[in-house]
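Encoded as structure tokens, the structure appears first; notes follow it.
In this note's numbering, the protein residues as written are 21 to 235.
Following this line, the structure appears as structure tokens:
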């Protein structure tokens, strides 16, 4: 079981301890999901995670697995500490999908239209939760990818068959854009961390100081 405080939340001290242990390649009892959730709401710990990621580039004794772990934490901290382009796209797509879904749901259309609006309304709420909590992007990515792929495939088939005009498919553009934005927040486009040559990594025998989370 992960180590939590009396209120069921991972404390700052335990997050810092976990990040420091991860940099040394030492496993801890804290669940990585709790750490990711804590980094979203604690700017101090997010900065500390970013500084640990920077420290990784100054040392030459870290294991490859540890370097990948600290790198992911650093990128997660950067994505969740501020409103980046991908996060704004998710929020805008969510707002447009929700607005169009509500119009179809209460607009007095057919039974099938209202049913479809209920599903798109649920997807819009999913995107809103990702915009508010970017750590949920990895969970939402399979749903977004499946929806986006289905929309693209059916649109191509219907366009080739002449069943629908191209202008009619423009309304589904927010769903397609949201797939790319959610994938970006989930880290799908992060570059693989490559190990540097040993000669380039070792520049003297000095050990960089451990950054303080209060800096």
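Note that beta-carbon positions come from the ideal geometry of N, C-alpha and C, so glycine has one too.
- Excluding residues up to 5 positions away in sequence, 206 lie with their Cβ nearer than 6 Å to the Cβ of residue 158 in the same chain.
- DSSP places residue 60 inside the alpha helix (DSSP H), whose first and last residues are 52-61.
- C-alpha of residue 187 to C-alpha of residue 180: approximately 14 Å in a straight line.
- The Cβ atoms of residue 150 and residue 199 do not sit closer than 9 Å to each other.
- Taking C-alpha positions only, residue 145 is separated from residue 164 by approximately 12 Å.
- Non-local beta-carbon contacts of residue 141 in its own chain, meaning distances under 6 Å to residues more than five positions away in sequence, involve 121 in chain order.
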